[in-house]
Amino acid sequence: MTNKDQGALRTIGEVAEQFGLPTHILRYWETRFSALKPLTRAGNRRYYRPEDVVLIDRINRLLNVEGFTIKGAEKALASGLIPGEGQGEVERTGPAATASAAAGSAGPQSIKADAIGAEKLAELRKIRDRLARALADSQV
101 MTNKDQGALR
111 TIGEVAEQFG
121 LPTHILRYWE
131 TRFSALKPLT
141 RAGNRRYYRP
151 EDVVLIDRIN
161 RLLNVEGFTI
171 KGAEKALASG
181 LIPGEGQGEV
191 ERTGPAATAS
201 AAAGSAGPQS
211 IKADAIGAEK
221 LAELRKIRDR
231 LARALADSQV
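With the working numbering applied, the sequence shown covers 101 to 240.
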């Protein structure tokens, strides 16, 4: 990537290279995240402003690092509470938060808090425990 002034506009290719993403992913994100609106010039050539690049970084982190779904990332961005940005965390309640607290880990959860109810989580834990006992019995 070329060394440009921090406030310079960037092409879709430059931004895609910066984040290691294909350009079609950036075009798709433009359809899903209304705040992502690059400038377009003749021939529909896209130019990303510095604030667009910051938003792409947030979207990329939510989707590809934190494990959010597109819909979850949309909600997180709309709420203004992005994990790890000093503004506070997206509120995690329910079973994923309970599991995180019980495990003592502060890392991202692969099971989203709103994806499974407390009853389902308890049921899954029972199944896990039964499988662990069966595996231990079979190895004896």
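Built from N, CA and C at the ideal position, the CB exists for glycine as well.
- Item | N-terminal and C-terminal residue of the alpha helix (DSSP H) that Arg158 is part of | Residue numbering aside, residue 158 sits at position 58 when the sequence shown is read from its first letter. Judged by DSSP secondary structure, Arg158 falls within the alpha helix (DSSP H) whose first and last residues are 150-160.
- Task: Count the other CB atoms, across all protein chains shown, that sit within 10 Å of the CB of Val115; report buried if there are 16 or more and exposed otherwise.
- Result: For this step, residue 115 is matched to residue 15 along the sequence shown. Counting Cβ neighbours within 10 Å, Val115 comes out buried, since at least 16 surround it.
- Query: Is Leu109 helix, strand or coil by DSSP?
  - Reply: For the purposes of this step, residue 109 is identified with residue 9 of the sequence shown, where counting begins at 1. Here Leu109 carries a coil assignment [DSSP, helix/strand/coil].
- Message: DSSP three-state label for Leu139, please.
- Response: As a first step, residue 139 must be located in the sequence shown, where it is residue number 39. Residue state, collapsed to three classes: strand.
- Message: Buried or exposed, going by whether 16 or more other CB atoms sit within 10 Å of the CB of Arg132?
- Response: Your numbering for residue 132 matches position 32 in the sequence shown. Exposed, because fewer than 16 other Cβ atoms sit within 10 Å of the Cβ of Arg132.
- Message: Counting C-beta neighbours from all protein chains within 10 Å, is the total for Ser210 16 or more, i.e. buried, or is it exposed?
- Response: Numbered from its first residue, the sequence shown carries residue 210 at position 110. Caution is warranted here: a pLDDT of 41 is assigned to Ser210, below 50, making its placement in the model unreliable, and the coordinate value is therefore given only provisionally. Exposure of Ser210 is indicated by the presence of fewer than 16 other C-beta atoms within 10 angstroms of its C-beta.
- Roughly how many angstroms separate the alpha carbons of Gly143 and Gly167, rounded to a whole number? Within the sequence shown, numbered from 1, the residue matching residue 143 stands at position 43. Within the sequence shown, numbered from 1, the residue matching residue 167 stands at position 67. Cα-Cα distance, rounded: 35 angstroms.
- Item | Segment limits, alpha helix (DSSP H) that includes Leu126 | As a first step, residue 126 is located in the sequence shown; it is residue number 26 there, counting from the start. Element bounds for Leu126: 123-132.
- Determine which residues share a DSSP beta bridge with Arg145 and list them. Indexing the sequence shown from 1 puts residue 145 at position 45. In the DSSP output, where bridge partners are listed per residue, Arg145 has Arg141.
- Query: If you follow the alpha helix (DSSP H) that Lys171 is part of, which residue opens it and which one closes it?
  - Reply: Translated into positions along the sequence shown, residue 171 becomes position 71. Counted as a single uninterrupted DSSP element, the alpha helix (DSSP H) harbouring Lys171 occupies residues 170-179.
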